[in-house]
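If you're matching positions, the sequence shown starts at 102 in this note's numbering and goes up one per residue.
Single-structure report; data block below.
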Amino acid sequence: MSDSLKKLLTEFKYLEQNSANIKNDSIFLAYPGESNDGRNYIPEAINNGAGAIIYDPLGFEWDKKWKLPNMPIKNLKENISSIASEFYNNPSKKINLIGITGTNGKTSTAFWLTQCLENLERKANIISTIGYGSINQLKPSINTTPDGVKIQSIINYFLLEDVQDVCLEVSSHGIDQGRVTGLDFNVRLFTNLSRDHLDYHDSIESYAEIKKNFLLDAKKGNLVINIDDPLGKKIFQESKLNKSKKISFGIENLATLQAKNLTLEKYKTKFDLIYRRKIYKLEVAVQGVYNIYNILAVIGSLVSLGYQIENIRPILKILDSVPGRSEEVKTEIDKCPKVIIDYAHTPDALKNILNSLEKLPYKNLNIVFGCGGNRDRGKRKEMALIANQFADYVIVTSDNPRNEEPMQIIDDICLNLEVPYLAIENREIAIKEVLKKANVNDLILIAGKGHETYQEINGVKKDFSDKLIAKKYLNKYFGVKN
102 MSDSLKKLLT EFKYLEQNSA NIKNDSIFLA YPGESNDGRN YIPEAINNGA
152 GAIIYDPLGF EWDKKWKLPN MPIKNLKENI SSIASEFYNN PSKKINLIGI
202 TGTNGKTSTA FWLTQCLENL ERKANIISTI GYGSINQLKP SINTTPDGVK
252 IQSIINYFLL EDVQDVCLEV SSHGIDQGRV TGLDFNVRLF TNLSRDHLDY
302 HDSIESYAEI KKNFLLDAKK GNLVINIDDP LGKKIFQESK LNKSKKISFG
352 IENLATLQAK NLTLEKYKTK FDLIYRRKIY KLEVAVQGVY NIYNILAVIG
402 SLVSLGYQIE NIRPILKILD SVPGRSEEVK TEIDKCPKVI IDYAHTPDAL
452 KNILNSLEKL PYKNLNIVFG CGGNRDRGKR KEMALIANQF ADYVIVTSDN
502 PRNEEPMQII DDICLNLEVP YLAIENREIA IKEVLKKANV NDLILIAGKG
552 HETYQEINGV KKDFSDKLIA KKYLNKYFGV KN
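Here it is, written out as structure tokens:
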């Protein structure tokens, strides 16, 4: 980074990428984005009081009428995170930063790791799909991994609040778009890889390569890797970090941390943890084999930070459920169907949650789900085939159709369903219908949106919560009648 850029960054109070947020004493970062070119908003930024402009010069000419400090930076988009890091005086170097990447399990791992750190008397925060901040007081997130400026600004804010540890979900989009290039990670963690985001990445191989590059970029710090996953095993073998800096975990394969003899109970799981030739009897307040992988990831991260298994063991018994992840809809009703909401929006995630639920006592397992619009169409068939394996009855509905025709998405799914089903475009009516038909001893999974409090249709986000809608109709059909 040039001295002139460093000097410019010290002369202003604010750094912004959105011209609407510009105020006096701001630097505006202008570059071509996916749908808009930020350089077209330079006049608006100037009118709003921008004190300087940093812009990408490719295919663009600075207007001489704009009389304010300006600096052209080639490939600005790829350098945003590094520029923001310099602006905020490199906040990630002053905090324990744990970066969690993988297709599934990022949110649960980040949430439980943050909770464990708090129970170990650390001040820990999260930056995640479900929000950022303290897990008891989350602020809403727009993306799983915020943009390069926002992420540096959040970490800087955490520092001012005396936060010691930050658990950050690192998405493939975030890696590919350079949002995390200016961050200094103490731990890089890999959960697993399965089909997702193929609307963005050319292929599963391209998707895997992006994850791999992030994990192998570790020049220092620690790696915590699921080696039951083929990509994880490859990354672990290729990493040039010292052996002491790498922790593997798994159930099937011999690993630094290995879970054996799993006993799955209604609200908890017991297993033997093998670590350094010693067996530890563990009990965790989570269900499902897939969640044991998340717990192993948590333990691996804590061990990499220097914590002992004996100190970790008791806090695993008191973990809270993660918002929108295998979350039971709680009511005051004595007898009603058990309703679970879950963020499962990939084939692998749907299969994992259904595998877990199948072990619970119920009469019928009914599913409400859809698939997101303007996303990988190939997974619609896969998710229908998974529903065939587990469901007694399915209602296919809208997820976030975005700018795609909702009934086209629904038809793509229904084409591959073999179990009894209904197609209902309106998600609230779909939830109403599944509860109207349900028996008190049925189990209902509402999948795809989890914690989300909106539904995106034709580019507009409208208030919508699976949990609140489910509660509404549970009370209507199973509540006390006056």
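Backbone N, C-alpha and C fix where the C-beta goes; we use that ideal spot for every residue, glycine too.
Residue i (DSSP reduced to helix, strand or coil)
i, result
"A153", "strand"
"H302", "Low confidence applies here, because H302 scores a pLDDT of 46, under 50, leaving its location unreliable and the question unanswered by this model."
"R584", "Given that the chain is displayed from residue 102 to residue 583, the structure contains no residue 584 and the question cannot be resolved."
"A524", "strand"
"S340", "coil"
"N354", "coil"
"Q253", "helix"
"G283", "coil"
"G609", "With the chain covering 102 to 583 only, the question about residue 609 has no answer from this structure."
"K436", "coil"
"K367", "coil"
"G479", "helix"
"N540", "coil"
"D318", "coil"
"R289", "strand"
"G333", "helix"
"A548", "strand"
"N467", "strand"
"G139", "helix"
"I441", "strand"
"I123", "coil"
"N583", "Interpretation of N583 is limited by its pLDDT of 45, a score under 50 that renders its predicted location unreliable; no figure is taken from the coordinates."
"I416", "helix"
"K563", "strand"
"H457", "What sits at residue 457 in the sequence shown is Ser, not His. The answer is helix: DSSP assigns S457 an H, G or I state."
"A360", "strand"
"L486", "helix"
"V423", "coil"
"E262", "coil"
"L451", "helix"
"N191", "coil"
"I348", "strand"
From the options, residue whose alpha carbon lies closest to that of residue i
i, options, result
"G88", "S345, G322, K320 and A356", "Not covered by the structure: residue 88. The range shown for the chain is 102 to 583."
"D567", "F470, S242 and I558", "F470"
"L518", "V497, R503 and A531", "V497"
"E339", "I181, A360, N314 and K418", "N314"
"P507", "S307, Q490, N527 and L516", "N527"
"K346", "L324, T364, I410 and N362", "L324"
"K321", "G351, V288 and T292", "V288"
"P133", "N244, D512, L177 and N362", "L177"
"E384", "I530, S405 and P415", "P415"
"N395", "K572, C217 and G479", "C217"
"G560", "L575, K108 and S136", "S136"
"Y522", "P502, V495, D500 and K537", "V495"
"K165", "D421, L159, V440 and I143", "I143"
"G283", "I510, V264 and I252", "I252"
"E353", "P331, K550 and C515", "P331"
"K335", "Y368, N293, K439 and F113", "N293"
"A146", "I174, L109 and L116", "L116"
"K464", "D443, P438 and L486", "P438"
"F113", "F188, E162, P448 and D263", "F188"
Limits of the alpha helix (DSSP H) - the one that residue i falls within
i, result
"L575", "D567 to F579"
"M102", "Note, M102: premise wrong, no alpha helix (DSSP H); not H, not E."
"V404", "V390 to S405"
"F129", "Element bounds for F129: not the alpha helix (DSSP H) but the beta strand (DSSP E), S127 to A131."
"P173", "Not the alpha helix (DSSP H): P173 falls in the beta strand (DSSP E), residues N171 to P173."
"E187", "L177 to F188"
"E411", "I410 to I413"
Below-8 Å beta-carbon distance, residue i vs any chain B residue
i, result
"G473", "Protein chains in the displayed structure number just one, and chain B is not present."
Boundaries (first-last residue) of the beta strand (DSSP E) holding residue i
i, result
"I328", "That residue, I328, is in no beta strand (DSSP E); it is neither H nor E in DSSP."
"A445", "Counting along the chain, A445 falls outside any beta strand (DSSP E), and DSSP gives it neither H nor E."
"E557", "Y555 to I558"
"Q238", "Q238 to K240"
"V497", "Y494 to V497"
"D266", "D266 to E270"
"K382", "K379 to V385"
"L116", "Y115 to E117"
List in chain order: all unbroken alpha helix (DSSP H) runs of 4+ residues lying wholly within the region 193 to 231.
The region 193 to 231 contains, as complete alpha helix (DSSP H) runs of 4+ residues, the segments 207 to 220 (chain order).
Between the region 129 to 137 and the region 149 to 168, can you find at least three pairs of beta-carbon atoms closer than 8 Å?
Result yes; three or more Cβ-Cβ pairs closer than 8 Å.
So, do the region 433 to 441 and the region 397 to 409 have three or more beta carbon pairs nearer to each other than 8 Å?
Too few Cβ pairs lie closer than 8 Å, so no.
Given 8 Å as the limit, is there contact between the region 358 to 365 and the region 373 to 391, that is, 3 or more CB pairs closer than that?
The region 358 to 365 vs the region 373 to 391: in contact.
Counting beta carbon pairs with one atom in the region 181 to 190 and one in the region 230 to 249, are three or more of them shorter than 8 Å?
These segments touch.
The region 212 to 228 contacting the region 381 to 399, beta-carbon criterion three pairs below 8 Å:
Output reads yes: the region 381 to 399 touches the region 212 to 228.
With three or more C-beta pairs closer than 8 Å as the rule, is the region 223 to 230 touching the region 264 to 284?
Put simply, the region 264 to 284 touches the region 223 to 230. At least three CB pairs are less than 8 Å apart.
Whether or not the region 199 to 208 and the region 447 to 457 are in contact is what I'm after, with contact meaning three or more pairs of Cβ atoms, one per stretch, closer than 8 Å; do they touch?
Judged by pairs of C-beta atoms under 8 Å, the region 447 to 457 touches the region 199 to 208, as three or more such pairs exist.
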